[in-house]
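Encoded as structure tokens, the structure appears first; notes follow it.
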Amino acid sequence: MEKVRCMLSNAGLPKSFGAKAAFTVCLLINLSPSAAIDKKTPQEVWSGTPASYSDLRIFGCPAYAYIDNEKLESRSVKYLFMGYKPGVKSYKLWCPESRKVIISRDVVFDETAMLRASFKSSASPPNELSDMNQQKSSTHVDLQIEAESTPVPTSQSSPEIQSDTISSSPPMVPQYSIAKDRPRRDIKPPQKYVEDDLVDYVLREQIESLHNNDTWDLVKFPKDKKTVCCKWVFKKKERTSGVEDARYKARLVAKGYSQSRNNDSCVYFKEVRDGSFMYLFLYINDMLIAAKDMGETIKFKAQLSKEFDMKDLGAAKKIFRMEILRDRKNCKLYLSQKMYIEKVLHRFNMKNAKPVSAPLEAVMTQIEALAVMNIPEPCRPETPSVYLSDIPRAIWNPPLTRQGSLQPEDGVIGYVDFDFTEDHDKRRSLTGYVFTISGCAISRKATLQTTVALLTTEAEYMTITEAFKEAIWLRDHMFHQRTKHIDVRYYFVREIIACGDIVVSKISTHDNSADMMSKIIPSAKFEHCLDLSRNVPKADRAWPIIGHLHLLNGPQMPHEVFGHMAEKYGPIFQLKLGVNQVVVVSDHNIVKECFTTNDMAFANRPKTLALEILGYNYAMFAFAPYGSYWREIRKIGTIELLSARRIEMFSHIREFEVKSAVKEIYDKGNNLNGVVKMEMKEWFGNLIMNIMMKILFGVQYKGDDEEEKRRAQKATRRSFELLGAFVVADFLPYLRWLDTGGHEKALKETAKEIDCLGEEWLVEHKRKRKLRVNRSGDEEDFMDVMLSICEDKDLPGHFDADTIIKATCMSMLLASVDTTMVTLTWTLSLLLNNYQSLKKAQDELDTHVGKNRWVQESDIKNLVYLQAIVNESMCLYPPTPILLPHESIEDCVVSGYDIPKGTRLFVNMWKFHHDPNIWPNPHEFKPERFLTTHKDVNVRGNHFELIPFGTGRRMCPGTSLALQVVYYVLAVLLQRFDIKRPSDEPIDMSESFGLTNLKASPLEVHLTPRLNSNLYE
């Protein structure tokens, strides 16, 4: 603003010209070199071209604009130079007589008049300066200019008149001048600051805080290093209403260092229990916490208070001088700069100014912004903001396009097409063109031509002319704004081509994007085409009634069939399985959209005959419909059984059962000279069954209970087989009465057996509670916990308490035994086919655990290669290659396609688990990838390229328990025994059809003890 005042004073203009002077000052600042950007000008950094100073003129100097008058009349008019027209090589001039502002290019400047006036001003006595400043501001400025000879301009064009009227009686601005005759004086830094004591107090307070929080440690200065320059910033912090008053603060700031613009480390987020996210926004020593669950926010603040000296300022009201407004009804947050704008208006005494419809001149129009934002759209959605912060010059000023294959040097491509006399009523041809940048359309048009063309050549010329006008306008829409109104003339096209600005070439119709713009179709057909574009691609080869069911009856597994279909129809396609509409997704990005953006829409499970009969009429929460009952029971299971505290509490059960199973193998080997031949699939199943029976029901089978154990294992295994079986009634419900294959009969028999087992265990638990011989609270099994919960409160739903307890416990048992057994079986099979990986895992165990003690669960965190083996196994052979089906409870949009309510969703994760674009050599067993290129990828549902336990609301809640069991069982087995194949033939890796991806053949191995015998006791 000081520069603005000086320019107004030097030109002798009133302050009503302040806006024009401010615009000129901004232009000069952008053309001034700066040390902060390596002696370059801001304009050069922005545009990439060196700054030009040839057009700069002295603000307020006399200027003579050319006027096309008759002979013997004046050919120029005297004006005052007021600045530059943005986007155009023209000048703004003000006429003192008519008090109008004009735009003209043909101008001659008389800057010597300003210099002479400056010399006259400097020759006046110094005391005149004070006398002039004492004059009242209401007096007028003398705008008389000395008479000079009128120069003759060199070019001829008429100026453009703008309606920018200046007030008739402008107020007086203070006159400023530089007193050059004042004596020089030495400028020294002040010896005493007004707030010196306050600064010392704040600095001491800040340094004490740094020491108390152990922010830094004093160390010896290392050699060959340089210190980081820094400075203390002393600033007043605004008050927080109801929490703290305004106070001064000091901050230590490093000089010359800045954060990478592509790496924003000040924003963090974490998924919480309900599937939502908690966001942390950090700025120096301030933090904003945003979360859906207030309980999680309170818990996190309590955790921070233990680690840091923190003050809770309550609900945030401002950030970066922007107010935070809350719309609690619509669950939205808004940022407002109202207070900042009011301060700016107050600072420049403009609070009483009236708003106008166009306060700024539109230098950047909407189509330019649209073009820049569309450029990075196909790659990554977050990159437009990066481009907008530093826009390349090539994007803003592209050269003219080329017709046909229109391939310019900077990526702007235009396509043109026409249809001759397609409109039979008006006999006019149809013109269409499309302009793109990097494949993204920025301008398109389809319209009837203004006149009737008698020949196809004439229609083609008219089409090209329309495209040329658009191309010229896209290049510079300010300078060429009138090209939109150029009349259609052949010479216009010929002239542009002759100049070489545009090169026309022919392309094939199949490659011409404008071909669709030149086709006239009936409205009904047009709406049909729109529906086709919004519907998921449908697979062909569907039969009447059964749809695509016959495709699943071949020798290949369903996930392999769906994988081959994805290569043909794309990552998302639609099937008809009987009466059910099914959408199959085989891409991890689309899966992410399904279970983040549309997680609520796909939160339901479809109803099947097996889930109805075996699941106590959908009382098992794993298969229950989405609602209050599902939420409450899942919450109980997550907290009372699957929380970190509960998993740790049951560690002694896992260790006992694993040691007992290992001792059984060792004792068997003592009778066979040390080498034991075991069928590991059965061994894994028995072990996991024993662990879960003890945790869930407190049941521990001994020698006398072998028959009861086999009965429970048989019922559990049969349940999983029936859950994964193909039941005709699920796809053709009107044929349920036939019971094709006898599935309904088998389901009822198995359900009766499962219910009998659950009833026996439940009656035993109730008997013990009545006799008050129950174990202590820490030793309670899950059924005891469920009994206590059902006694204390009423659970939602129409089920009685006994049904809820049995259904929930059986759901936990069915979901844990088979999937864990399958994972251990495939992992050991892969290790036996890759002995080098097995040996590396045993070496890791010997290094971190040794051979003198049992491996414990606390050692697992150090066994990174063992964890990588499990991750690789679940990537190659996930327990369920196709996630349990989901069903949409409302209409939604996935990947641009409309998904109607009631559609079933199949996620073929086997396909993207074997995607070579994500996993190089996807069919090879390479655990090392999880230690190098994919070290940040885990199986807990946060990385959608690897989701063996699912993701979203319906993700398996027992992920932590399952991983703990798999890690520990595998670690004990590899530490205790040398494991070999029975023969030199590799392990058969064929799969079997079912709900889980069970190995088709048994897994027989030879086990030899590798530790001292006393460690097996």
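Numbering-wise (my numbering), the sequence shown opens with residue 9 and increments by one. Glycine included, C-beta positions come from ideal geometry on N, C-alpha and C.
For the 8 Å CB-CB criterion, L954 and C883 form a contact. Contact annotation: the region 970–978 does not touch the region 1007–1019, with fewer than three C-beta pairs closer than 8 Å. A distance below 8 Å separates the beta carbons of G706 and D789. Within 10 angstroms of the beta-carbon of Y287 lie fewer than 16 other beta-carbons, which makes it exposed. Of all C-beta pairs linking the region 449–460 to the region 502–513, fewer than three are shorter than 8 Å, placing the two stretches out of contact. In this structure the region 931–940 does not touch the region 620–630; the number of beta carbon pairs closer than 8 Å is below three. In the DSSP assignment, A809 falls within the unbroken alpha helix (DSSP H) covering 809–840.
Considering only E895, G440, V587, the residue with the shortest C-alpha distance to A632 is E895. Here F914 carries a strand assignment [DSSP, helix/strand/coil].
Nearest C-alpha to I111 among K760, H931, V96: V96. For S881, the closest alpha carbon among the candidates V902, R912, L853, T831 is that of T831.
If you draw a straight line from the Cα of E575 to the Cα of Q564, it comes to about 16 Å. In the DSSP assignment, R334 is bridged to L341. With a threshold of 16 other beta carbon atoms within 10 Å, D205 falls short and is exposed.
Taking the Cβ atoms as the reference, G960 lies roughly 20 Å from F570, outside the contact range of under 8 Å. A check of alpha carbon separations from V275 across R281, D282, L296, G283 identifies L296 as the nearest. If you draw a straight line from the Cα of L978 to the Cα of N1020, it comes to about 19 Å. When C-beta atoms of the region 989–1007 are compared with those of the region 845–863, fewer than three pairs fall below 8 Å, so the two segments do not count as touching.
By a beta-carbon distance limit of 8 Å, V593 contacts P579. Their separation comes to about 7 Å.
CA-to-CA, the gap between A522 and E52 works out to about 37 Å. Taking C-beta separations shorter than 6 Å and ignoring five residues to either side along the sequence, the partners of L290 in its chain run C274, following chain order. For L290, there is no enclosing alpha helix (DSSP H); the residue is found in the beta strand (DSSP E) stretching over 285–291. According to the DSSP assignment, N606 belongs to no beta strand (DSSP E), since it is labelled neither H nor E. Taken atom to atom, the span from the alpha-carbon of I699 to that of V974 is near 12 Å. Taking R912 as the centre and dropping the five residues before and after it, the same chain places the C-beta of N588, V590, P614, P893, E895 closer than 6 Å to its C-beta, in chain order. Nearest neighbour of E468 by Cα position, chosen from T458, D539, D425, turns out to be D425. As DSSP reads the structure, C103 sits in a beta bridge with K108.
In this structure, P956 lies away from Y873, with their beta-carbon atoms at least 8 Å apart. Non-local beta-carbon contacts of V599 in its own chain, meaning distances under 8 Å to residues more than five positions away in sequence, involve V593, V915, M917, F920, F952, I955, T959 in chain order. Looking at N293, D294, M302, the one whose alpha-carbon comes closest to that of V280 is M302. For C237, no alpha helix (DSSP H) run applies, since DSSP gives it neither H nor E. As computed with DSSP, W551 is found in a beta bridge with G555. Each of T223, Y99, V460, A43 was checked against the Cα of P70, and the nearest Cα belongs to Y99. In the structure shown, V973 adopts helical secondary structure according to DSSP, grouped into three states. It is roughly 15 Å from the alpha-carbon of A323 to the alpha-carbon of C339. Annotation for R334: L341 place their beta carbon closer than 7 Å to its own, counting only its chain and skipping 5 residues before and after.
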